[in-house]
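At position 164 of the sequence shown (counting the first as 1) the number is 164 in the numbering used here, and the numbers step up by one without a gap. Ideal Cβ positions, reconstructed from N, Cα and C, are used throughout, including at glycine.
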Amino acid sequence: MTSNGLRNWVKHTLGLDRAIVFTVLARVWSSASGIVTVLLIARFLSPAEQGYYYTFGSLVALQIVFELGFSIVILQLASHERAHLVISADGAITGDAIAHQRLASVLQKAVRWYFTGALLMAAVLIPWGFYFFTTHQHAQHSLSWQIPWILVVLAASLTFQIDPILSFLEGCGFVANVARLRLAQAMLSGLMAWVVLAAGHGLFAPAMMIFGQAIAGAVWLNRRRPLLLGLLRHKSGSHAVKWKSEVWPFQWRVAVTWICAYFVYQLFNPVLFAYRGAVEAGRMGMSLSIMGALTSVSIAWVNTKAAPFGTLIARKEYAELDRVFFSALRQCMFICTFGSVCVWLGAVYLNARHLRFAERILDPLTLGMLLLGTVINVLIFALSIYLRAHKEEKMLGSSILGATLVGCSTYFLGRHFGARGMVIGYLAVQAFVGLGYNLSIFTEYRREAHR
């Protein structure tokens, strides 16, 4: 087979284009570096410190309340306007003048929104973290967490302002470029976290990891100044995107869905930390980090197509849209399922050999249920990407129902039965409510929208 033949086989059989290659490389690096980070955490942090480490991440994820799902909206708005424009390498934009004005208004609104949100986020999360850790701090696990927590929030406030601009540029067609940046961010953030962990300052590692992402992102965006500054200075006039009528009806649904996602995926660690202690929260946190890496890699096959989906919809090329989506979905689910089996077999091996690392993650039965829930979640996530490309949030009802059920089961089962009870509740809701409900929504909407 020639090099061109091999390249075509890889592209059509595995669905790998430049955007996916860089995205997968970034997420494979994140997964591989995540394994290194997990090993360093097990080596240099005590079980209690591990609990603080992962609970930091769960609490700072409350930034979703200030983000309100705007990045998804930005990407889709940009991709729909980009369909009528040509963006040259030097940042010059030609094409439909109205689309140009609307595109500029999207970026201008995003910058204002996220700058204000970053200030509010820091003002709320820093005192909230102090309240939580002071209230639930156990005497036998007294740690100096205050300065690390402040730095985590400040670092998150920086990336909070960078990420929406990256979403905007993805919508403008720079998917492969942003994916390459994600790889650089993953590498720099991982290296910075490892240095801090190895130096014995483990609770500072989350902040250094986020600062690494911010540094790489800021340097990369500086090279895109001509395009970004041109759009920020461009007068949108009367053709600016009407937020109240065009955006908010979609955005508030995405915002509610994202907030619901917090109660489904980020409530585990704080509940265990508060009622079962830092050690059990640490086991759950490390297991969830493995699940997160698996999800991040597998969903790349669909997530990198979000902007092209929007462009195809704007052009009403529905047959091509479905062909691309279902091909990517098959590849995504294969990677997720295969990875889940490998992770579970690894956990079984660790426990069978009675290796010390097995004590830092959930037991094989509980981990297996969590992995099954992850596979279901990846499928639901992929379907939601397809639906949101239509600038609609059709999974709002299922998200609210799922978040309510999982939130209640997480609190009551986690408080009384620990991690296993919590995971059983999560899996039951995902399998019997989330999967069936969302599949029916997807099938009905796709049939109606593409008539």
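request  = Within its chain, find whatever has a CB closer than 6 Å to the CB of F204; leave out the 5 residues flanking it on each side and keep chain order.
outcome  = Closer than 6 Å at Cβ, skipping near neighbours: P148 and V196.
key: Three-state secondary structure assigned by DSSP to L329   = In this structure, DSSP gives L329 a helical state, which the three-state scheme calls helix.
query = In three-state terms, what does DSSP make of T94?
reply = Secondary structure at T94: strand, using DSSP grouped into helix, strand and coil.
query = Beta-carbon separation of A261 and L329 under 8 Å?
reply = The criterion of a C-beta distance shorter than 8 Å is not satisfied by A261 and L329.
message = What does the alpha-carbon distance come out to for the pair F432 and I299?
response = Straight-line Cα distance between these residues: approximately 22 Å.
Of the residues H136, R276 and A347, the one placed nearest M291, counting alpha carbons only = The shortest C-alpha separation from M291 is found at A347.
task = Return the residue from the list R225, L125 and E280 that minimises the CA-CA distance to L107.
result = Considering only R225, L125 and E280, the residue with the shortest C-alpha distance to L107 is R225.
request  = Since I believe I162 is in contact with A214 (beta carbons under 8 Å), could you give me their beta-carbon distance rounded to a whole number of angstroms?
outcome  = Confirmed, Cβ separation roughly 6 Å.
query = Is DSSP giving L85 helix, strand or coil here?
reply = In the structure shown, L85 sits in a strand (DSSP, three-state: E or B).
key: When V124, P364, E280 and L154 are compared against P206, the one with the closest alpha-carbon   = The shortest C-alpha to C-alpha distance from P206 to any of V124, P364, E280 and L154 is the one to L154.
request  = Decide if the region 279–293 is in contact with the region 306–313; the criterion is three or more beta carbon pairs, one per stretch, under 8 Å apart.
outcome  = Contact between the region 279–293 and the region 306–313 is absent, because fewer than three Cβ pairs lie under 8 Å.
request  = Assuming V406 contacts V264 (C-beta within less than 8 Å), just tell me the rounded distance between them.
outcome  = Taking a contact as a CB-CB distance under 8 Å, the pair V406 and V264 counts as one, their CB atoms being some 5 Å apart.
task = Compute the Euclidean distance between the alpha carbons of L25 and A274, then round it to the nearest angstrom.
result = Take the alpha-carbon of L25 and the one of A274: they are about 37 Å apart.
inquiry  = Tell me the rounded alpha-carbon separation between V10 and V21.
reply    = Residue placement at V10 is flagged as unreliable, the pLDDT there being 47, under the threshold of 50; a coordinate-derived value is accordingly withheld.
task = Kindly examine the ligand ATP and report whether one of its heavy atoms sits closer than 7 Å to the Cβ of E81.
result = Looking at this structure, you won't find the ligand ATP or any other ligand, since it has none at all.
ask   = Does the Cβ of L387 have 16 or more other Cβ atoms within 10 Å, making it buried, or fewer, making it exposed?
value = L387 is buried by the Cβ-count criterion.
When R182, I98, A99 and A42 are compared against T304, the one with the closest alpha-carbon = Considering only R182, I98, A99 and A42, the residue with the shortest C-alpha distance to T304 is R182.
query = Got a sec, what are the start and stop residues for the alpha helix (DSSP H) H416 sits in?
reply = For H416, the enclosing alpha helix (DSSP H) has its first and last residue at L396 to V429.
request  = Could you pull out every unbroken alpha helix (DSSP H) segment of at least 4 residues lying fully inside the region 196–226, listed in chain order?
outcome  = Listed in chain order, they are 205–222.
inquiry  = My assumption, with CB atoms under 8 Å, is that T55 sits in contact with N269. Please give the rounded CB distance.
reply    = The pair is a contact, with the Cβ atoms about 5 Å apart (cut-off 8 Å).
key: Straight-line Cα distance separating L169 from L221   = Our two residues, L221 and L169, have alpha carbons roughly 10 Å apart in a direct line.
key: Cβ-Cβ distance between Q430 and G373 below 8 Å   = Annotated as proximal: Q430 and G373, with beta-carbon spacing under 8 Å.
request  = Report the option in L103, M422 and A32 whose CA atom is closest to the CA atom of L229.
outcome  = Considering only alpha carbons, the answer is L103.
task = Go through its chain and collect everything with a Cβ distance to L45's Cβ below 7 Å, but skip five positions before and after it.
result = The answer, listed in chain order, is Y53 and G202.
task = Measure the CB-CB distance between L466 and F66 and report whether it falls below 8 Å.
result = Residue coverage of the chain in this structure runs from 1 to 451, which leaves residue 466 outside it and unanswerable.
query = Between the region 91–105 and the region 227–247, do at least 3 Cβ pairs fall closer than 8 Å?
reply = With the cut-off at 8 Å, the region 91–105 and the region 227–247 touch.
request  = Name the two residues that bound the continuous alpha helix (DSSP H) containing S298.
outcome  = Segment A278 to S298, the alpha helix (DSSP H) holding S298.
key: Helix, strand or coil at W9 according to DSSP, with G and I counted as helix   = A caution first: W9 carries a pLDDT of 49, below 50, which makes its placement in the model unreliable, though a value can still be read off. W9 falls in the helix class under three-state DSSP.
ask   = CB N377 to CB T443, shorter than 8 Å?
value = No, the Cβ-Cβ distance between N377 and T443 is not below 8 Å.
ask   = What alpha helix (DSSP H) runs, 4 residues minimum, are completely inside the region 49–83?
value = Secondary structure in the region 49–83: the alpha helix (DSSP H) runs of 4 residues or longer, each lying completely within the stretch, are 64–67 and 70–82 in chain order.
key: CB of S167 within 8 Å of CB of T257, strictly   = No, the pair does not count as a contact, with Cβ atoms beyond the cut-off.
key: Residues near I335 by beta carbon distance below 6 Å, same chain, minus five either side   = Answer for I335: S298, listed in chain order.
Span of the alpha helix (DSSP H), counted from its first residue to its last, around F250 = The continuous alpha helix (DSSP H) containing F250 extends over residues W248 to Y265.
task = For K394, count neighbouring Cβ atoms within 10 angstroms of its own Cβ and tell me buried if that reaches 16, exposed if not.
result = With 16 or more other Cβ atoms within 10 Å, it is buried.
message = In this structure, how does DSSP classify C172 when only helix, strand and coil are distinguished?
response = Three-state DSSP puts C172 in coil, outside helix and strand.
request  = Could you have a look at L355 and say whether DSSP puts it in helix, strand or coil?
outcome  = Coil at L355, not helix or strand.
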